[in-house]
Amino acid sequence: MSTIGLDANHTPFKYLDEYINAPDWETLHNEVCQGIAKAEWNKKFVSSGVHKKWADKEITTTFVDLKNRLTEDQLKIFVSLTSTDEKIKFLNALTYTPHPFWVIFLRWNKRVEKTGVYNKATPEDCFWTPNAKLFPSLVKLIESMPFEGIGRVMFFMTEANNQTVPHYDVANDAQRAEKPHDDFIWLSTKPNSKGIFVMDGETLEKVYPDPTKKFVWWNEMDFHGTDPVDHFSFSIRIDGKFKPEVRAALTAG
Ligand SMILES: [Fe+2]
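Every number in our numbering is 326 more than the matching position in the sequence shown, counting from 1.
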């Protein structure tokens with residue numbers, strides 16, 4: 327068994343539906359899409375601990391060897407760009423770059439170290455961004471979720487016909503061994519869209535969540551990803567700290 331899971335039985339997914347009053351999904355979806363249309367989209371490294379079988383399908387591999395891959399003029403522009411966001415956008419436009427993702431932050435964590443993964447579920451380190459005002463019903467829903475504190479809140483948006491390669495949510499095995507996995511809720515308001523899976527790192531067998539559930543949690547240190555779909559898709563992830571009694575019930579087995 328190389329799936330860690332969320333309890334002693336290595337259960338890959340848990341669901342928060344029973345702790346959340348279901349919204350009017352159609353109204354929420356319409357408003358969420360209006361927000362997506364108006365919000366600032368960013369490029370960011372999103373698939374950190376990529377499974378070695380998918381290593382060449384991931385963005386960081388395109389950041390190496392740039393001296394040989396880009397012309398002198400292209401390299402000059404690349405170096406002049408100040409943010410990762412600009413650098414990824416430039417490479418995306420310039421050449422083949424496997425980065426079909428966009429993110430929108432509704433809440434962000436202040437940087438206490440380079441990777442940003444250590445405090446993404448720490449409520450006191452996180453703050454609402456101006457984007458949050460564009461998603462009032464979603465924010466209301468988030469504030470009704472069974473968290474004692476809300477951490478980072480973000481959209482992951484994926485261009486049509488692209489997968490999210492199997493990965494875990496820290497940069498490498500050393501971090502994976504050391505950092506506890508965080509509490510979070512994952513959802514999408516778009517029906518019949520992006521499909522998340524948890525994958526056994528050895529057998530590569532994928533497990534999918536119960537399709538009747540809307541609010542999903544898995545162990546972010548397990549390999550996970552999304553299959554490609556033939557349309558633009560998105561999901562919303564809310565990190566934070568579950569109320570203790572909720573966490574205890576979810577992890578009891
Ligand atoms: Fe992930």
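Ideal Cβ positions, reconstructed from N, Cα and C, are used throughout, including at glycine.
*Since Pro492 is in the beta strand (DSSP E), which residue starts that stretch and which ends it?*
Thr490 to Tyr494
*What does a CB cutoff of less than 7 Å around Trp434 pick up in its chain, not counting 5 residues either side in sequence?*
Cys452, Phe453, Thr455 and Arg478
*Assign Leu332 to one of two classes, buried (16 or more other C-beta atoms within 10 Å of its C-beta) or exposed (fewer than that).*
buried
*Same chain only: Cβ atoms within 7 Å of Lys364, ignoring 5 sequence neighbours per side*: Leu460
*Under 7 Å Cβ to Cβ from Pro426, same chain only, skipping five residues before and after it: list those, please.*
Thr484, Glu485 and Asn488
_Measuring only the C-alpha atoms, how far is Tyr501 from Glu398?_
For clarity, residue 501 is Gln in the given sequence; the question names Tyr instead. Going by the C-alpha atoms only, they are around 36 Å apart.
_Pairwise C-alpha distance: His507 and Glu546_ = 6 Å
*Would you check if the distance between the CB atom of Asn457 and the CB atom of Glu571 is smaller than 8 Å?*
no
_Residue closest to Lys505, alpha-carbon to alpha-carbon, out of Phe404, Asn356, Lys446 and Thr421_ = Lys446
*Go through the segment 327–371 residue by residue and report every complete run of the alpha helix (DSSP H) that reaches 4 residues or more, in order.*
351–364
_Segment contact, 8 Å Cβ cut-off, at least three pairs: the segment 402–413 with the segment 465–477_ = no
*Between which two residues does the alpha helix (DSSP H) carrying Ser463 extend?*
Pro462 to Glu469
*First and last residue of the alpha helix (DSSP H) that includes Thr484?*
Segment Phe473 to Thr484 is the beta strand (DSSP E) holding Thr484; no alpha helix (DSSP H) there.
*Residues near Tyr345 in its chain [Cβ-Cβ closer than 7 Å; skip 5 each side]*: Pro472 and Val572
*CA-CA distance, Phe371 and Met480?*
13 Å
*Cβ of His377 within 7 Å of any heavy atom in ligand 1?*
no
*asked:* Going by DSSP in three states, Lys520 sits in which element: helix, strand or coil?
replied: coil
*For Leu407, which of helix, strand or coil comes out of DSSP?*
coil
*For His540, which of helix, strand or coil comes out of DSSP?*
It is worth fixing the name first, because residue 540 is Lys in this sequence and not His. If DSSP states are grouped into helix, strand and coil, Lys540 belongs with coil.
*Is Ile564 near Phe510, with beta carbons less than 8 Å apart?*
yes
_Cβ contact (3+ pairs, closer than 8 Å) linking the segment 411–420 and the segment 529–539_ = no
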